[in-house]
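Asks: Take a look at the following structure, please.
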Amino acid sequence: MTFFIYRQSKQTKGFTMNYLFLHIIANEHSGGGKGKLAAAEVKNYLDEKKVPYQFYRSEYAGHAIELAGNLLQTTLKPWSKDLQAPYPLLVVLGGDGTLHEVTNALGDHFDIPMGYIPSGSGNDFARSTGIPRESLEALKLILATSKPQELFILSSLDKTTGQNTLITNNLGIGLDASIVAAANQSEKKQSFNRLQMGAFIYLFSAIKVLFQQEGFPLSVKINGEAVTFERAFLVTCTKHPYFGGGVKIAPNASSFEQNLELIVVERIPLYKILYLVFLLFRGKHLESKNVYHFNAKKISLATSSKEYGQMSGEIIPKQGFDVTLSTVKRFFWF
């Protein structure tokens, strides 16, 4: 369902209201209902300030891709300082998964900027870039901005299919993806979400997967050199520090710099894993001999066994991986 609201804009202290026309794709289901509350706050504020906008509600999985694709064909324009106001700005309201979908719907139109109002459960992209995680504060930052800025995001090329996917957070193979998959498959997930206790199902799933996840062969090619792991357990390639809703897996990674980072942990005894988790929350895990850390402009990953994967929290069913990861620059509005 699409809502259209337009009112004559005016200048308001702090920013110029008639500079932008917002096209907001909103996933009201994000964050266990947080998206619905955020959408209501945003619409009320825009109505109060008489900011012109059009509101598009994402109703089902993949709908945000369709909505963004339609806007790309009919409305959105590459950024240029010479464009006449109001500029049609795409804004995503939702979680990291919704942002991931819309980013890929825009494809290689990197010069069409996106604003982002986080309303998911993790919000790692917002956390890494300094975008406020409170919906109104994120909206005010969008309205106060007069031009986009460039960020680096991941680009993953599947060598088997030739498909290229853009990733705003990270690519994970093994443990973290298996935890998300187990949580999504749990019969208890819906009940916990209704009670606003969704995090507990992930905790229970993590405990279960820690015992079940086996090591798997992994080949890494980086800077022309090959590295082989016989029993990889957790594999995360990222452009910014966070995964899993605020866990700083790659403390030095930055979306403002070109290089990407890879973290690999091999299967070790459970007591060592628990100690590694302790080090992780203290920010000392990279000092462990059980953690392998790489930094490069391009990294290739290949597995011979079928494993779960995840891209920005979106599950990839069990498969063998043969991918090359690099970075691309695209415009964001904040």
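For the sequence shown, the positions run 1 to 334 when the UniProt record's numbering is used. Every residue, glycine too, gets a C-beta built ideally from N, C-alpha and C.
On a CA-only basis, which of L325, Q319, T168, F21 is nearest L89? Give me that one, please.
Replies: Measuring from the Cα of L89, the nearest candidate turns out to be F21.
Asks: Excluding the five sequence neighbours on either side, which residues of its own chain have a C-beta within less than 7 Å of the C-beta of S121, listed in chain order?
Replies: Excluding residues within five positions, the ones whose Cβ falls inside 7 Å are G31, G32, G95, G198, G245.
Asks: Jot down the residue ranges of each uninterrupted alpha helix (DSSP H) in the stretch 37-88, minimum 4 residues, whole runs only, in chain order.
Replies: Counting whole runs of 4 or more residues, the stretch 37-88 contains the alpha helix (DSSP H) stretches 63-74.
Asks: Between I131, L210, I167, which has its C-alpha nearest A144's C-alpha?
Replies: Of the listed residues, the one whose Cα sits closest to A144 is I131.
Asks: Given 8 Å as the limit, is there contact between the stretch 220-231 and the stretch 251-268, that is, 3 or more CB pairs closer than that?
Replies: Yes: the two stretches touch, three or more of their Cβ pairs being nearer than 8 Å.
Asks: With a CB to CB cut of under 7 Å and the five nearest residues on each side skipped, what residues in its chain are close to L195?
Replies: For L195, the pLDDT reaches just 48, beneath the cut-off of 50, and the residue's location in the model is therefore unreliable, although a value from the coordinates is still provided. Cβ neighbours of L195 beyond the five flanking positions: none.
Asks: Do I142 and S312 count as a contact pair if the criterion is CB distance below 9 Å?
Replies: Cβ atoms of S312 and I142: not closer than 9 Å.
Asks: Within a Cβ cutoff of 6 Å, which residues of the same chain sit near T228, ignoring the five residues on either side of it in sequence?
Replies: The answer, listed in chain order, is S219.
Asks: With DSSP as the reference, label T160 as helix, strand or coil.
Replies: Of the three classes helix, strand and coil, the one that applies to T160 here is coil, per DSSP.
Asks: Take the Cβ of E307 as the centre, count every other Cβ of all protein chains shown within 10 Å, and call the residue buried at 16 or more, exposed below.
Replies: Per the 10 Å Cβ criterion, buried.
Asks: Measuring CA to CA, which of K159, K147, D158, G115 is closest to A138?
Replies: The residue with the shortest Cα to Cα distance from A138 is G115.
Asks: Using a Cβ-Cβ cut-off of 6 Å (strictly less than) and excluding sequence neighbours within five positions of A302, which residues of its own chain qualify?
Replies: Counting only Cβ-Cβ distances below 6 Å, and skipping sequence neighbours, we find S219, D322.
Asks: Just to confirm the assignment, what range does the beta strand (DSSP E) spanning R330 have?
Replies: Note, R330: beta strand (DSSP E), 322-332.
Asks: Less than 7 Å between C-beta atoms, sequence neighbours within five positions excluded: which residues of the same chain meet that for L270?
Replies: L210.
Asks: The beta strand (DSSP E) that contains I315, what's its start and end?
Replies: Segment 314-319, the beta strand (DSSP E) holding I315.
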